[in-house]
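Numbering (the UniProt record's numbering), first residue to last: 1 to 110.
Don't be surprised by glycine CBs; every beta carbon is placed ideally from N, CA and C.
Source: prediction; values computed, not measured.
What follows is one structure encoded as structure tokens, with my remarks underneath.
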């Protein structure tokens, strides 16, 4: 392992690195040890994390607009689909995200 930090060479690079240190962060992350048998199957843990966070966020947004009453439930879903900004996208992302989550769980387990 090398013990050197990323130092930008230009003034613009230094200014940018002081405000948003993405290159020094990536330099720091490259120094972590990784196993020799690392392959694409290891990415499913991160995919599951992304799917779970997407489900939580979209579920909260949908719950803010949903009315859980037998007479008003259909109207509230219709309201989400028509009146909420990108409500149709949030609803479909939530519905398809659950399927992707269980697919990723199945692949991750087996």
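Simplified DSSP state of residue i, which is helix, strand or coil
{"i": "residue 82", "result": "helix"}
{"i": "residue 38", "result": "coil"}
{"i": "residue 110", "result": "coil"}
{"i": "residue 72", "result": "coil"}
{"i": "residue 91", "result": "helix"}
Rounded straight-line distance, which links the Cα of residue j to that of residue i
{"i": "residue 90", "j": "residue 73", "result": "17 Å"}
{"i": "residue 33", "j": "residue 27", "result": "13 Å"}
{"i": "residue 55", "j": "residue 98", "result": "7 Å"}
{"i": "residue 71", "j": "residue 92", "result": "23 Å"}
{"i": "residue 50", "j": "residue 23", "result": "23 Å"}
{"i": "residue 21", "j": "residue 81", "result": "40 Å"}
Neighbourhood of residue i by C-beta distance below 7 Å, restricted to the same chain and skipping five residues each side
{"i": "residue 95", "result": "none"}
Spatial neighbours of residue i in its chain, beta-carbon cut-off 6 Å, leaving aside the 5 residues before and after
{"i": "residue 14", "result": "8"}
Alpha helix (DSSP H) segment containing residue i, residue limits
{"i": "residue 5", "result": "Looking at the DSSP string, residue 5 is not in any alpha helix (DSSP H), and its letter there is neither H nor E."}
{"i": "residue 49", "result": "44-65"}
{"i": "residue 20", "result": "Premise fails: residue 20 is in no alpha helix (DSSP H) and is neither H nor E."}
Contacts around residue i, its chain only, beta-carbon distance under 8 Å, and the 5 residues preceding and following it disregarded
{"i": "residue 35", "result": "none"}
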